[in-house]
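Under this note's numbering, residue 942 is the last one in the sequence shown; the count climbs by one each step, no gaps.
For each residue, glycine too, the CB sits at the ideal point set by N, CA and C.
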Amino acid sequence: MQTSADRHEYPAHWEADVVLRDGGTARIRPITVDDAERLVSFYEQVSDESKYYRFFAPYPRLSAKDVHRFTHHDFVDRVGLAATVGGEFIATVRYDRINADGMPASAPADEAEVAFLVQDAHQGRGVASAMLEHIAAVARERDIRRFAAEVLPANNKMIKVFTDAGYTQKRSFEDGVVRLEFDLEPTDRSLAVQRAREQRAEARSVQRLLAPGSVAVIGAGRTPGGVGRSVLDNLREAGFTGRLYAVNKALQEKELDGVPAHRSIRDITEPVDLAVVAVPAEHVPEVVTECGEHGVQGLVVVSAGYAESGPEGRERQRELVRHARTYGMRIIGPNAFGVINTAPDVRLNASLAPQMPRPGRIGLFAQSGAIGIALLSRLHRRGGGVTGVTGVSTFVSSGNRADVSGNDVLQYWYDDPDTDVALMYLESIGNPRKFTRLARRTAAAKPLVVVQGARHGGAAPQGHAVRATRLPHATVSALLRQAGVIRVDTITELVDAGLLLARQPLPRGPRVAILGNSESLGLLTYDACLAEGLRPLPPRDLTTAASAEDFHRALSQALADDGCDAVVVTAIPTVGETSAADAALAEALRSSALEAPVKPVLVVHVELGGLAEALSAAASTAPQAPATAPGAAPGARFHPSDRSPAAIRAEPAPDSRLIPAYPAAERAVRALAEAVKYAQWRTDAGEPGKVPEYEDIDEKGAARLIDDLLARGEGLTLGGEQTAVLLGLYGIDVHSALPAPTPDDAVAAAHAIGYPVALKTTAPHLRHRADLGGVRLDVADEEQLRRAYAELTELFGPPTVLRPVVQAMAPRGVDTVVRAVIDPAAGAVLSFGLSGAASELLGDTAHRLIPVTDRDAASLVRSIRTAPLLFGWRGSAPVDTAALEELMLRISRLVDDHPEVVAVSLEPVVVAPAGLSVLSATVRLARAPLRDDLGPRTLPVV
């Protein structure tokens, strides 16, 4: 690497993999003395025009002096980065620190001149934009605050790279050269530009995997069976519209069932976009090399034997990803189930699913192959609704998700016109901060339903490399809900919610009309609505004699009622009911629903299973031949439980509303309740609230104090006085507590404060546990104080253990707790709940991501189950929730302004009818953790 004359060691943390505009990848790394030959080769492939734009004169070749200058860096004042694909340079960027006169300089000079050179074959891929983000991050790390660049006026591409970056700029023109100067501090616009580019690039990288023009299955055997051959057969039988190839070293044939066969992908004369790798793990590296050299764009690795198998497999997995990224390829897997795209112009089933799912508008993502199978199966069984079918747009089962993850698929689904609802089964979230950001943006456009597996296992599943988080699952779940994610607990609920959201409009409110031909089923539905927080209207019983016309009339009346936001139709079969009656009911409901297309309609249809068959057979009204499931092989037995609950298969007109049907009232109502909450979130997201400004906040003073305190050590829990000073700079007053190591000290403290006072212990095992008796309130005089002191020491031990303090009495109110913590994975989180053992035991705490808006603070106060205690429960006086919300907003500002504040705890905060009192506070400081969401775009490190 670098020689001893260089001032800094090689900065390995600057290395990064990035996704480019076209969906391919490149590696960005520092240039070293070992890159001389690569640099010369790279320069030889650059056109004369690009060389002229870089050096402002004809410059056909680099001299030895040039090569030395461009490969020798001190990584402080002179830095060069290269973008590589296949180990070769495709672009370079460098900066040189300069002084005010434009001459070479060292710190404290904070300006640098920057210049790029991109190989012509790779221009237009967004390489320069990505490299600008990385060289800017490097410069900020080296205390450079501003870049200057001189560009020829005709070099429009490079001028656009700088002007589109979103930084604050100054532009001038002198001596025939455009001079651009721009600050490197990230701005809202620069972050928005960066994230928009990230979305386009990552979406494109997934689109290349899901809509390839050609696919090669590597490891397809001669005989049916086996993983590779199964994938090949599934692709062929699905009617894949592109070119399909079978690859296997052992093949002598030229074809496999009509598919062109080759012994190596190198033997294929045409481009291959996607390779499905189904060979033993020890042979995968060779396959990856061949694919990379052939120009394959992406891999689906179904081979096992990687991180799920232990430490050796984990290292094999890391090397697989590094190897693939070297060639600009992205990977789904390893240990993947595969991918599916039902679009008629693609028809891709590159998976182990033997049957292509119905086309539809639901996107599916599953980290587990087994769960992926279950999801596809349930959607296939239940995809037929009262008025038609609902199917899948795309399906991704990522396996160990070593590269492509749920975040990437979310980027794709965000603007995919063929996907209306996204369903995800996640066993781990590798980057919760990014996932939350992407989920919030996606949920604003289309519903996102998530079920998390391995919630209580305490560790990520084998094969999943994830960041450590200190947050319990309930907290992560609450943060996802804040981001608009519809969180459910089972895959059954996942499908239930997905079918409703894919078929029906969002409800405008929680008012639910219930009608049907069973009084009992209507009452069950009514109770389920109340349990889910909905507002049901009294059920309307049409009686068991109701005809299809009766259902039509009743549904039309309910939908026309302005006091109704959604309708649940309950239906039970009658003895001897025929498919004709089912069809009539389906048409009645469909036509009625079309009259009010802005209100959702659900059906609860109870089936009697085998009894219904027996009764139908006894009455000789049902066919005696076994039924066959739609889409199943001829002769396959179709059990009634495999039918959609409505059991009606009428094909809808193109503009028909698909009415979902459920086999149980509670399942229908639960799905509806989730839709109601999501609709409310969408409404609230349209007016997201504001982070208020407070004139009495001294941000600069707090920064100076934090710097002074951290100079004493890395991790620091502040003392009471330091905590009070820091919080005071943000307008938060903490009641002082005077130590009382002896009874005489307690009396002196009380005289200084003024009676009445509180005497309490601060021992860790008694702190914040008033229920244990470690607090004496309203102590009115010296006699009571000495008696209380004696009682505490007699009950709990000597003062050296109890650490008693004396504090002024606060107005009576409700004891609450406000906390903030910076989690290494999720980011800064604000939490709120009532103080006391009962709330802790029940986990009755609400959470929001920082920075918190005024709307967030208001909802935080109201979202705990014990919130009624704050608003005058059972005749008590309502407390000052406005003051409580302001306190939380000030804590949010403190943590957001100063990432060195890694933990804050205010407990108890006594909220009175007028005002509040912070009786105890602790603050912990540490060096600011790295914020990767504010840095340049990178793929996760493997």
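Residue i and residue j: beta carbons closer than 7 angstroms?
{"i": "V118", "j": "A91", "result": "yes"}
{"i": "V421", "j": "G498", "result": "yes"}
{"i": "L320", "j": "L423", "result": "no"}
{"i": "G258", "j": "S214", "result": "no"}
{"i": "L919", "j": "P936", "result": "no"}
{"i": "T390", "j": "L658", "result": "yes"}
{"i": "H552", "j": "S592", "result": "yes"}
{"i": "A513", "j": "L542", "result": "no"}
{"i": "I429", "j": "V392", "result": "no"}
{"i": "R189", "j": "G166", "result": "yes"}
{"i": "E290", "j": "R318", "result": "no"}
{"i": "S835", "j": "V852", "result": "no"}
{"i": "V206", "j": "Y412", "result": "yes"}
{"i": "E900", "j": "I706", "result": "yes"}
{"i": "V288", "j": "A246", "result": "no"}
If I follow the unbroken beta strand (DSSP E) through residue i, where does it start and stop?
{"i": "H847", "result": "T845 to L849"}
{"i": "I486", "result": "I486 to V488"}
{"i": "Q119", "result": "Segment: none, Q119 is in no beta strand (DSSP E) and carries neither H nor E."}
{"i": "A246", "result": "R243 to V247"}
{"i": "P417", "result": "Taken as a continuous stretch (DSSP letters only), P417 belongs to no beta strand (DSSP E), as it is neither H nor E."}
{"i": "I28", "result": "T25 to P30"}
Closer than 7 angstroms by C-beta to residue i: which residues in its own chain qualify, once you throw out the five before and the five after it? Chain order, please.
{"i": "A912", "result": "P811, R812, G813, V879 and D880"}
{"i": "Q482", "result": "R848 and L849"}
{"i": "D143", "result": "A107 and D110"}
{"i": "V805", "result": "A737, L738, P739, A740, K760 and T762"}
{"i": "S303", "result": "V277, A278, V279, P280, A281, V284 and P334"}
{"i": "R803", "result": "T761, T762 and A763"}
{"i": "M131", "result": "I28, L81, A83, A91, V93 and F116"}
At a threshold of 6 angstroms, does residue i count as lining the ligand MG (C-beta to nearest heavy atom)?
{"i": "Y43", "result": "No copy of the ligand MG occurs in the structure displayed, which carries no ligand at all."}
Can you tell me whether residue i is helix, strand or coil according to DSSP?
{"i": "A625", "result": "The predicted model places A625 with a pLDDT of 37, which falls under 50 and marks its position as unreliable, so this point remains unresolved."}
{"i": "N400", "result": "coil"}
{"i": "E427", "result": "coil"}
{"i": "I753", "result": "helix"}
{"i": "D823", "result": "strand"}
{"i": "N335", "result": "coil"}
{"i": "G369", "result": "helix"}
{"i": "L759", "result": "strand"}
{"i": "K254", "result": "coil"}
{"i": "E9", "result": "coil"}
{"i": "I732", "result": "coil"}
{"i": "H262", "result": "strand"}
{"i": "I159", "result": "helix"}
{"i": "S892", "result": "helix"}
{"i": "K170", "result": "strand"}
{"i": "Y95", "result": "strand"}
{"i": "D273", "result": "coil"}
For the alpha helix (DSSP H) containing residue i, name the first residue and the last one.
{"i": "R437", "result": "P432 to A443"}
{"i": "S214", "result": "Here S214 belongs to no alpha helix (DSSP H); instead the beta strand (DSSP E) covers S214 to I218."}
{"i": "Q807", "result": "No alpha helix (DSSP H) contains Q807, which is instead part of the beta strand (DSSP E) from P804 to A808."}
{"i": "Q317", "result": "P311 to T326"}
Going by DSSP, name the residue or residues bridged to residue i.
{"i": "L235", "result": "DSSP output for L235 lists no bridge partner at all."}
{"i": "N407", "result": "Per DSSP, none; premise fails for N407."}
{"i": "Y951", "result": "A query on residue 951 cannot be resolved here, the shown segment of the chain reaching from 1 to 942 and no further."}
{"i": "H68", "result": "None, per the DSSP bridge assignment."}
{"i": "E88", "result": "V85"}
{"i": "L515", "result": "R540 and V569"}
{"i": "P739", "result": "V805"}
{"i": "P359", "result": "V392"}
{"i": "I340", "result": "N349 and F395"}
Considering only residues of the same chain and omitting the five flanking positions on each side of residue i, which have a CB-CB separation below 6 angstroms?
{"i": "V227", "result": "A278 and V302"}
{"i": "A903", "result": "V821 and R924"}
{"i": "V177", "result": "E150"}
{"i": "G463", "result": "Only weak support is given to the placement of G463: the predicted model assigns it a pLDDT of 49, under 50, and the question is left unresolved by the model."}
Please list, in chain order, all residues of the same chain as residue i whose beta carbon is under 8 angstroms from its beta carbon, the five residues on each side excluded.
{"i": "Y678", "result": "A443, P447, G484, I486, L501 and L506"}
{"i": "E286", "result": "none"}
{"i": "L766", "result": "L772, G774, F796 and L802"}
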